[in-house]
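Beneath this line is the structure, given in structure tokens, with notes to follow.
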Amino acid sequence: MIIKILADGGNMAPGPALSQKLGPAGIPIPQVIQRVNEATKNFKGMKVPIELDVNPSTKTFEVRVFSPPVSELVKSELKITKGSGRQGTFYVGNASIEQVISVARIKLPNLLCNNLKTAVKNVAGTCQSLGVLVENKPAKEIEEEIDSGKYDKQINEEITETPEEKKKELEEYFTKIKTQQDNLLKQEQVAKKVADEKASKKAEKVSAPAPKK
């Protein structure tokens, strides 16, 4: 009997959904939580796919841990909690190609990819969906550069450490981008407030009783 769970790495907790899944199997939930948390302690802060291989007759089970989704690994790598709600216009991080390669190496065994280069491109696609820049550029541009062979040296040598000077440059660039985004958000909020006030005044005029003749 196979039971699939998406657990919080190192922090699985009891709850109705878990009880509903494990109850019919008759295995002790506290024991499951303890073993899953131990098995996923290196993935804290991430959602981790788990399979429990349960023997209903003996009430024993084995825990299988799969690597977290690419999106979770990217967020963990960049220390961000969520992606952009406005893909293509607002960004939440700026990754180096080395960080993208690092995530690709972790996920390669679980991806439908024949080689690391294809996996790196796959991870870049996820960065695009999350609103993460790569090398100061929209990730879609990086995908094209991967195809052109621009990063073949880093990929072939599996370089996963970002040089300190490069880290600083990426951080400085993203700080500028974030400042621009914050200013734009403030402008949008002011414009929305003005529009709401106008709409409110218009509604008041419409609802006001006509003067008596």
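Position one of the sequence shown corresponds to residue 1 (the working numbering), numbered consecutively onward. Glycine included, each C-beta is placed from N, C-alpha and C at the ideal position. Just so we're clear, the structure is a prediction, and the values are computed from it rather than from any experiment.
Checking 8 Å against the spacing of the C-beta atoms, do residue i and residue j come in under that value?
i, j, result
"E98", "Q154", "yes"
"L121", "S67", "Note on identity: in this sequence residue 121 is Lys, with Leu being the wrong assignment. Cβ atoms of K121 and S67: not closer than 8 Å."
"P56", "M1", "yes"
"V32", "T40", "no"
"P160", "R105", "Before going on, a small fix: residue 160 reads as Thr here, not Pro. Yes, they are a contact pair."
"L111", "A119", "yes"
"N183", "L133", "no"
"L52", "V63", "yes"
"K59", "G26", "yes"
"M46", "E72", "yes"
"S102", "E135", "no"
"L116", "E158", "yes"
Starting from residue i and walking both ways along the alpha helix (DSSP H), at which residues does that stretch end?
i, result
"V74", "70-78"
"P16", "16-22"
I need the boundaries of the beta strand (DSSP E) containing residue i, first residue and last residue.
i, result
"L52", "47-55"
"R64", "60-65"
"K150", "No beta strand (DSSP E) holds K150; DSSP gives it neither H nor E."
"V36", "From DSSP, V36 is part of no beta strand (DSSP E) but of the alpha helix (DSSP H) over 29-39."
"A7", "2-8"
"N122", "Taken as a continuous stretch (DSSP letters only), N122 belongs to no beta strand (DSSP E), being part of the alpha helix (DSSP H) at 116-130."
"A104", "No beta strand (DSSP E) contains A104, which is instead part of the alpha helix (DSSP H) from 97-107."
Since residue i contacts residue j with CB under 8 Å, what's their CB separation in whole angstroms?
i, j, result
"V74", "C127", "6 Å"
"V36", "A7", "6 Å"
"K44", "G83", "Actually they are not in contact, since the Cβ atoms of K44 and G83 sit about 19 Å apart, beyond 8 Å."
"I3", "P14", "At roughly 15 Å, the Cβ-Cβ gap does not stay under 8 Å, so I3 and P14 are not in contact."
"F90", "Q187", "Contact doesn't hold; Cβ gap of about 13 Å is too wide."
"I50", "I5", "4 Å"
Let me confirm a value: residue i is counted as buried when at least 16 other C-beta atoms fall within 10 Å, else exposed. Which label applies?
i, result
"S19", "exposed"
"V92", "buried"
"S148", "exposed"
"V190", "exposed"
"S200", "exposed"
"A139", "buried"
"V240", "Since the displayed the chain opens at 1 and closes at 213, residue 240 lies outside it and no answer follows."
"A124", "buried"
Please confirm if the segment 142-150 is in contact with the segment 166-176, defined as three or more CB-CB distances below 8 Å between the two stretches.
By the criterion of at least three beta-carbon pairs nearer than 8 Å, the segment 142-150 is not in contact with the segment 166-176.
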